[in-house]
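The structure is reproduced here in structure tokens:
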């Protein structure tokens with residue numbers, strides 16, 4: 248599948264920007280503890296940060312009303328919280344939903360269909376163990 252996405256974003260004057268942080272493995276003593284990404288002395292954002300923001304659309308999991316959108320992940324993992332919102336025992340994780348939909352011909356509710364398709368668009372290695 249190949250998608251071409253064109254987007255336009257308008258930000259307000261003086262809007263706060265959170266530039267990406269550079270990973271510097273060989274930091275000397277006395278060096279700054281944080282180095283922010285920049286291009287020509289202008290704060291910048293790495294493509295990974297933009298990609299993560301674009302996929303922060305999962306509002307179809309249980310508890311989304313209180314927690315808000317999370318990034319599309321097969322198990323609804325949020326590493327900063329150390330939590331997975333789509334546990335396999337609930338049968339609402341990507342693998343259970345996909346298997347039931349494709350193999351068992353059990354069409355999930357529309358919002359879970361959105362989640363499955365969003366996960367496929369996100370991409371990844373979805374092979375079976377073994």
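Residue numbers (my numbering): 248 to 377. All residues carry an ideal CB built from backbone N, CA and C; glycine is no exception. Keep in mind it's a predicted model, so treat the numbers as computed, not measured.
Residue 301, DSSP secondary structure in three states: In the chain shown, the residue the question calls residue 301 occupies position 54. It is helical.
In the DSSP assignment, find the alpha helix (DSSP H) that holds residue 328 and state where it starts and stops. Here residue 328 is taken as the residue at index 81 of the chain shown, counted from 1. Looking at the DSSP string, residue 328 is not in any alpha helix (DSSP H), and its letter there is neither H nor E.
Which term fits residue 337, buried or exposed, when burial requires 16 or more other beta carbons within 10 angstroms of its beta carbon? The residue labelled residue 337 in the question sits at position 90 within the chain shown. Per the 10 Å Cβ criterion, exposed.
State buried or exposed for residue 317, treating a residue as buried only when at least 16 other CB atoms are found within 10 Å of its CB. For this step, residue 317 is matched to residue 70 along the chain shown. Its Cβ being crowded by 16 or more others within 10 Å, residue 317 is buried.
Cβ-based neighbour list, residue 269, same chain, cut-off 6 Å, excluding 5 preceding and 5 following: What you label residue 269 is simply residue 22 of the chain shown in a count that begins at 1. Correct list, in chain order: 282, 284.
Taking contact to mean 3 or more Cβ pairs, one atom from each stretch, closer than 8 Å, check whether the segment 346 to 353 and the segment 321 to 335 are in contact. no
How would you call residue 259, buried or exposed, if buried means at least 16 neighbouring beta carbons within 10 angstroms? As a first step, residue 259 must be located in the chain shown, where it is residue number 12. So residue 259 ends up on the exposed side.
Cβ contact check for the segment 363 to 374 and the segment 302 to 318: 3 or more pairs under 8 Å: yes
Buried or exposed for residue 255, please, with buried defined as at least 16 other CB atoms from any protein chain shown within 10 angstroms of its CB. Counting from one through the chain shown, the residue named residue 255 turns up at place 8. Exposed, because fewer than 16 other Cβ atoms sit within 10 Å of the Cβ of residue 255.
If contacts are defined as beta-carbon pairs under 8 Å, then residue 321 and residue 308 qualify, I think. What distance do you get, rounded to the angstrom? In the chain shown, the residue the question calls residue 321 occupies position 74. In the chain shown, the residue the question calls residue 308 occupies position 61. 12 Å between Cβ atoms; not a contact.
May I ask you to report which of helix, strand or coil DSSP gives residue 363? In the chain shown, the residue the question calls residue 363 occupies position 116. Looking at residue 363 - three-state DSSP - the assignment turns out to be helix.
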